[in-house]
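Take the sequence shown: its position 19, counting from 1, is numbered 19 in the numbering used here, and each next residue is one higher.
Note sheet for the following structure.
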Amino acid sequence: MDTMKHRLNIVLIILLIASVGFNAFLYLKLRSKEAKITSLQKVQEVNGPLEEQLVNSQFYIDSLIGVNETIQNHLSDIQRLDPEAPGVFFEVQMGIFKQFSLNNYRDYLIELRQVDSAEHHFILLGRFDQLSAAEDFVQELKKLGFRSCFVVGRINGRITSVKEAISQLDQATF
Numbered sequence: 001m002d003t004m005k006h007r008l009n010i011v012l013i014i015l016l017i018a019s020v021g022f023n024a025f026l027y028l029k030l031r032s033k034e035a036k037i038t039s040l041q042k043v044q045e046v047n048g049p050l051e052e053q054l055v056n057s058q059f060y061i062d063s064l065i066g067v068n069e070t071i072q073n074h075l076s077d078i079q080r081l082d083p084e085a086p087g088v089f090f091e092v093q094m095g096i097f098k099q100f101s102l103n104n105y106r107d108y109l110i111e112l113r114q115v116d117s118a119e120h121h122f123i124l125l126g127r128f129d130q131l132s133a134a135e136d137f138v139q140e141l142k143k144l145g146f147r148s149c150f151v152v153g154r155i156n157g158r159i160t161s162v163k164e165a166i167s168q169l170d171q172a173t174f
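Written out as structure tokens, the structure reads:
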């Protein structure tokens, strides 16, 4: 019987040692999980502001896209007003003179403008994207008494014939 107690005590000791070992294992596992949870909490603390920054960044990106679309929508207006703008346009030439110049009035010219070459001063009025609109304007000016006005082309800032401007339009899209 003493042997039986003795064996029972040994079994209990082994169970106790196994239990302590298992509890130590569980404790280490729990500490590992706790470290991972702490790490995840730190990541969440960082991600919160990052998510807010991402939302703000998307707002700015959307705003920039809107600004870009507005610029693209108004680009033709800007090009129409810039005499050196690339592209094909049609302008009404009201006259070409060797002796007469609007230089004294240049500061007051808004829509009417003068383009100078080595020998001539071109007096131009209006800038049109379509030849038909320029031709309609010429007809109106002729009704007003400007009998010598006619349409000229402009390609990349250079005055050309209408035929050359139409040919350029047929060859490429700007």
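Glycine residues also receive a C-beta, built at the ideal position from the N, C-alpha and C atoms.
Decide if Val151 is buried, meaning its Cβ has at least 16 other Cβ atoms within 10 Å, or exposed. As a first step, residue 151 is located in the sequence shown; it is residue number 151 there, counting from the start. The residue in question, Val151, is buried, as its Cβ has 16 or more Cβ neighbours within 10 Å.
Just to confirm the assignment: which complete beta strand (DSSP E) runs, minimum length 3, are found wholly within the region 112-138? 112-116, 121-128
Beta-carbon gap between Glu84 and Gly157 smaller than 7 Å: Position 84 of the sequence shown, counted from the first residue, corresponds to residue 84. Position 157 of the sequence shown, counted from the first residue, corresponds to residue 157. A contact, by the Cβ cut-off of 7 Å.
Is it a yes or a no for the region 61-72 touching the region 94-101, going by three-plus beta-carbon pairs under 8 Å? no
Can the beta-carbon of Glu212 be found closer than 7 Å to that of Leu124? Because the chain spans 1 through 174 in this model, residue 212 falls outside it and cannot be assessed.
I think Ile159 touches Phe128, with their Cβ atoms under 8 Å apart; what is that distance to the nearest whole Å? By one-based count along the sequence shown, residue 159 stands at place 159. By one-based count along the sequence shown, residue 128 stands at place 128. About 14 Å separates the two Cβ atoms, so there is no contact after all.
Close-in-space but distant-in-sequence residues of the same chain around His120 (CB under 6 Å, 5 per side omitted): Indexing the sequence shown from 1 puts residue 120 at position 120. Answer for His120: Ile96, listed in chain order.
From Glu52 to Tyr27, what distance separates their C-alpha atoms? On the sequence shown, residue 52 is found 52 positions in, with the first residue counted as 1. On the sequence shown, residue 27 is found 27 positions in, with the first residue counted as 1. Using only the alpha carbons, I get a separation of about 38 Å.
Exposure of Ala133, with buried meaning 16 or more beta-carbon neighbours within 10 Å: In the sequence shown, the residue the question calls residue 133 occupies position 133. The residue in question, Ala133, is exposed, as its Cβ has fewer than 16 Cβ neighbours within 10 Å.
What residue does the beta strand (DSSP E) around Gln93 start on, and which one ends it? The count along the sequence shown starts at 1 and reaches residue 93 at position 93. First-last of the beta strand (DSSP E) with Gln93: 88-97.
Residues near Arg113 in its chain [Cβ-Cβ closer than 6 Å; skip 5 each side]: Stepping through the sequence shown from its first residue, residue 113 is reached at position 113. So the qualifying residues of the chain are Leu124.
Buried or exposed: Phe59, going by 16 or more other Cβ atoms within 10 Å of its Cβ? Position 59 of the sequence shown holds residue 59. Phe59 is exposed by the Cβ-count criterion.
Beta-carbon gap between Gln168 and Val88 smaller than 7 Å: Against the sequence shown, residue 168 aligns to sequence position 168. Against the sequence shown, residue 88 aligns to sequence position 88. Against a cut-off of 7 Å, the Cβ pair of Val88 and Gln168 comes out as a contact.
Ile155 bridges to which residues according to DSSP? Within the sequence shown, numbered from 1, the residue matching residue 155 stands at position 155. In the DSSP output, where bridge partners are listed per residue, Ile155 has Val88, Arg158.
Assumed close pair Leu131, Val162 - CB separation to whole angstroms, cut-off 8 Å: Numbered from its first residue, the sequence shown carries residue 131 at position 131. Numbered from its first residue, the sequence shown carries residue 162 at position 162. Indeed they touch by this definition, with Cβ atoms about 7 Å apart.
With a threshold of 16 other CB atoms inside 10 Å of the CB of Val138, please say whether the residue is buried or exposed. The sequence position of residue 138 within the sequence shown is 138, counting from 1. It counts as buried.
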